[in-house]
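Okay, so the sequence shown: first residue is 641 according to this note's numbering, each after it adds one. Working notes, structure below.
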Amino acid sequence: EAIQPVYLQQGNLRAVLGAAEVRLSGDPSQKLPERIPVFISCTPGPVYQWQSVEWTGNSALSTITLTNSVAIKAGDLANGALIEAAWDHIRDEYGHLGYLEATLNPVPVYDDQAHKVAYKISINEGPQFHFNVMTITGLSLTAEHILREAWPLKPGDIFDKTIFDQLLTELETHRERIFKQLPVHYDTVGHWLQTDPAKGTVDVLLDFK
Numbered sequence: 641e642a643i644q645p646v647y648l649q650q651g652n653l654r655a656v657l658g659a660a661e662v663r664l665s666g667d668p669s670q671k672l673p674e675r676i677p678v679f680i681s682c683t684p685g686p687v688y689q690w691q692s693v694e695w696t697g698n699s700a701l702s703t704i705t706l707t708n709s710v711a712i713k714a715g716d717l718a719n720g721a722l723i724e725a726a727w728d729h730i731r732d733e734y735g736h737l738g739y740l741e742a743t744l745n746p747v748p749v750y751d752d753q754a755h756k757v758a759y760k761i762s763i764n765e766g767p768q769f770h771f772n773v774m775t776i777t778g779l780s781l782t783a784e785h786i787l788r789e790a791w792p793l794k795p796g797d798i799f800d801k802t803i804f805d806q807l808l809t810e811l812e813t814h815r816e817r818i819f820k821q822l823p824v825h826y827d828t829v830g831h832w833l834q835t836d837p838a839k840g841t842v843d844v845l846l847d848f849k
């Protein structure tokens, strides 16, 4: 998990790491040393350049928008970290529009002679969700009222997941921005999004402990 990203960032998209192997030498009857060498075979493979990306299944986001979300141009190093970041950014963009169950299926197409890679990505956008209700447990009535006042979405609004994520960040790291001078006491905030695909609604559940 620590080594693989190093290869991906260098464009070694097909790097193969073997299993860890311990090789001991010396008298087997003696106590093992405090430090034991561990060997891992690494086959980096070729360094790939970015070629292109092709999208299918998208309608809420245009092909131009999706392509511009990839911060790599034709001929650039195919940095695996940037590629994964692009997929995550696109998922966030769908969440911003209420598509909480959107999935991406990136399939790389390698040209091993030219050392280039293209991606064919099928998208399943799923339903667009609208906010329904927020359920809060573990807060005083005053604190709950303040929190509800700070929540900008009304029932029926398109559910913007970035707003939900920002709320969680403030509750966990900057609670004073929401509750002001009101003393509130909690250690953790349990949070769930309960979706109803048939109705296209989502409930927000917050549990303060």
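Glycine is no exception: its CB is placed at the ideal position from the N, C-alpha and C atoms. These numbers come from a predicted model, not from an experiment.
query, result
"Is W832 buried or exposed, if buried means 16 or more other CB atoms sit within 10 Å of its CB?", "exposed"
"Thinking C-beta only, is Y759 closer than 9 Å to V773?", "no"
"Can you tell which of C682, L664 and G796 has the C-alpha that lies nearest to the C-alpha of R675?", "L664"
"Relative to the C-alpha of L811, which residue among L846, Q649 and P837 is closest?", "L846"
"Just confirm the distance between the C-beta atoms of I776 and E784, as a whole number of angstroms; I'd bet it's less than 8 Å.", "5 Å"
"My guess is that A655 and G685 are in contact by the Cβ rule of under 8 Å, so how many angstroms apart are they, rounded?", "5 Å"
"From T705 to K839, what distance separates their C-alpha atoms?", "28 Å"
"Could you check whether L779 and A718 sit closer than 9 Å to each other, using their CB atoms as the reference points?", "no"
"If contact is defined by three or more beta carbon pairs under 8 Å, each pair taking one atom from either stretch, is the segment 791-801 in contact with the segment 725-738?", "yes"
"Going along the chain, which residues of its own chain have a beta-carbon closer than 7 Å to the beta-carbon of G766, five neighbours each way excluded?", "Y739, E741 and A742"
"Using alpha carbons as the reference points, say which of Q689, A726 and T707 lies closest to Q753.", "Q689"
"Do you know offhand how far G796's Cα is from R817's?", "26 Å"
"Please list the terminal residues of the continuous alpha helix (DSSP H) segment that includes L708.", "Here the sequence assigns Asn to residue 708, which means Leu is not the residue at that position. T703 to N708 is the span of the alpha helix (DSSP H), which, as asked, contains N708."
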